[in-house]
Amino acid sequence: MTRKSPQEKKALSYAKDHRNSYGENDKSSRKNIQRNKRNRERANRRRDHQVLVAAQPDDIESEIKRRRPKGSWWRKWSDSPLAEIVARKLRRRARTGIIEDEQAEAKIAKLPRVRRR
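Numbering of the sequence shown is given in the UniProt record's numbering, commencing with residue 1 and proceeding in unit increments.
Put into structure tokens, the structure is as follows:
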């Protein structure tokens with residue numbers, strides 16, 4: 001294995017490092033992911049139970065297989081690559097007037113292009 005130059009290390013860091021862009025504390029995600037999965041399944045079980053209690057035997061399968069209501073699903077968000085986070089921060093700084101637009105675009109142009117998973 002060959003040694004990597006600092007420039008190669010930085011490019012790899014921008015491409016492979018990820019940051020939580022969901023908007024909550026990254027430590028709280030450990031509990032919130034489990035909680036949201038539990039709540040989703042609880043809502044699905046409750047809906048199925050209500051269908052079973054209220055329906056006739058021949059209606060049960062058609063009612064259960066019906067599409068889930070809009071509010072009873074949840075999905076995880078993947079973390080964003082570091083290059084996207086840095087570019088977003090530079091654009092925000094330019095928009096608020098902290099740095100010049102040209103300066104921000106020059107820095108963004110130097111960032112490696114990152115392909116989302």
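Yeah, the Cβ is synthetic: ideal placement off N, Cα and C, and Gly gets one too.
Length of the line joining the Cα atoms of residue i and residue j
i     : j      : result
Thr2  : Ala11  : 16 Å
Ser29 : Lys37  : 12 Å
Asn39 : Trp74  : 9 Å
Glu41 : His49  : 12 Å
Lys9  : Asp26  : 25 Å
Ala55 : Arg113 : 55 Å
Per DSSP, the bridge partner or partners of residue i
i     : result
Arg19 : Ser80
Cutoff 7 Å; reference residue i; Cβ partners in own chain excluding five residues on either side
i     : result
Ala87 : Ile108, Leu111
Ile33 : Lys76
Ser80 : His18, Arg19, Ser21
Leu82 : Ser13, Tyr14, Asp17, His18, Arg19
Coarse secondary structure for residue i, derived from DSSP in three states
i      : result
Thr96  : helix
Arg30  : helix
Gln56  : coil
Pro112 : coil
Lys4   : coil
Arg75  : coil
Glu24  : coil
Check whether residue i and residue j have beta carbons under 7 Å apart
i      : j     : result
Ile99  : Arg92 : no
Ala104 : Leu90 : yes
Beta-carbon proximity list for residue i, same chain, < 6 Å, skipping 5 on both sides
i      : result
Asp101 : Ala94
Chain-order list of residues whose beta-carbon lies under 8 Å from that of residue i (same chain, five-residue window excluded)
i     : result
Gly23 : none
Ile85 : Arg19, Ser21
Lys4  : Leu12
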